[in-house]
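Sequences listed follow chains U and B, in order. Here the first sequence is numbered in the numbering used here, starting from 30 and rising by one per residue. Here the second sequence is numbered in the numbering used here, starting from 2 and rising by one per residue. Where a beta carbon is used, it is the ideal one built from N, C-alpha and C, also for glycine. These numbers come from a predicted model, not from an experiment. Accompanying notes for the structure given below.
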Amino acid sequence: EAQVTQNPRYLITVTGKKLTVTCSQNMNHEYMSWYRQDPGLGLRQIYYSMNVEVTDKGDVPEGYKVSRKEKRNFPLILESPSPNQTSLYFCASSWLLWTGELFFGEGSRLTVL
Amino acid sequence: DQQVKQNSPSLSVQEGRISILNCDYTNSMFDYFLWYKKYPAEGPTFLISISSIKDKNEDGRFTVFLNKSAKHLSLHIVPSQPGDSAVYFCAGTSYDKVIFGPGTSLSVIP
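Right under this line is the structure:
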């Protein structure tokens with residue numbers, strides 16, 4: 030089954046404790062991206078990757094890091110989480126981005142205390 | 002600077018009637034426009050798209066209209082069903098980005 034898998038789905042952590050949200054896709058997609066969803070703001074792009082070893086900042090990259098060492102994986106790293114990073118996070122992938130058809134994971138709800 | 006706007010946070014429609022969701026954009030460089038649907042506790046799923054060179058695309062009960070001169074697009078759902086109750090995101094694409102609007106929550110009342 031074609032899918033984008035994120036882990037963990039739910040996480041409560043404390044300020045400053047490094048964490049990683051993993052994302053894996055099995056569709057051989059070139060493009061992968063991370064979004065955060067906040068009330069009234071919709072989905073805002075954090076980072077994206079056009080291909081292996083190629084990453085770039087989205088609209089809200091501050092406080093986040095990513096890496097793309099393999100085509101299928103695109104982890105999101107919060108080196109020192111802060112309460113304003115409490116949000117719902119989505120990983121997405123696509124074969125042909127310019128048509129905009131993204132496949133999303135089920136989301137990871139992160140709470141930073 | 003919000004490039005994609007959905008000015009109605011919510012919409013309620015009676016089952017069987019038409020639902021019209023609206024979206025405005027400011028970026029003239031978008032190549033495609035899309036609608037995504039999102040149920041609670043799930044990721045968004047692609048619903049329908051339209052190329053920037055077209056003015057209408059239809060897929061079953063769903064039709065998207067694009068008015069480039071007004072920088073406006075709309076999604077029509079006819080007839081609306083209770084299972085259509087969800088949050089709908091409008092989005093525009095350029096070379097390396099998909100820009101989403103804030104979403105409209107649609108409730109279809111049986």
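- Beta bridge pairing from DSSP links U:Y118 with U:R65, U:S137.
- For U:Y77, the chain B residues whose Cβ falls inside 8 angstroms of its Cβ are D97, K98, in order along the chain.
- A residue is called buried once 16 or more other Cβ atoms fall within 10 Å of its Cβ, and B:P45 is buried on that count.
- By the neighbour-count criterion, in which a residue is buried when 16 or more other Cβ atoms sit within 10 angstroms of its Cβ, B:G17 is exposed.
- In the DSSP assignment, the residues bridged to B:Q15 are B:I110.
- The contact set of B:L48 on chain U, defined by CB atoms closer than 8 angstroms, is empty, because the minimum CB distance reaches about 10 angstroms.
- For B:L35, the chain U residues whose Cβ falls inside 9 angstroms of its Cβ are T128, G129, E130, L131, in order along the chain.
- Remark: C-beta atoms of B:S95 and B:V109 do not approach each other more closely than 9 angstroms.
- The stretch 120-130 of chain U makes contact with the stretch 56-69 of chain U: 3 or more CB pairs, one atom from each, lie closer than 8 angstroms.
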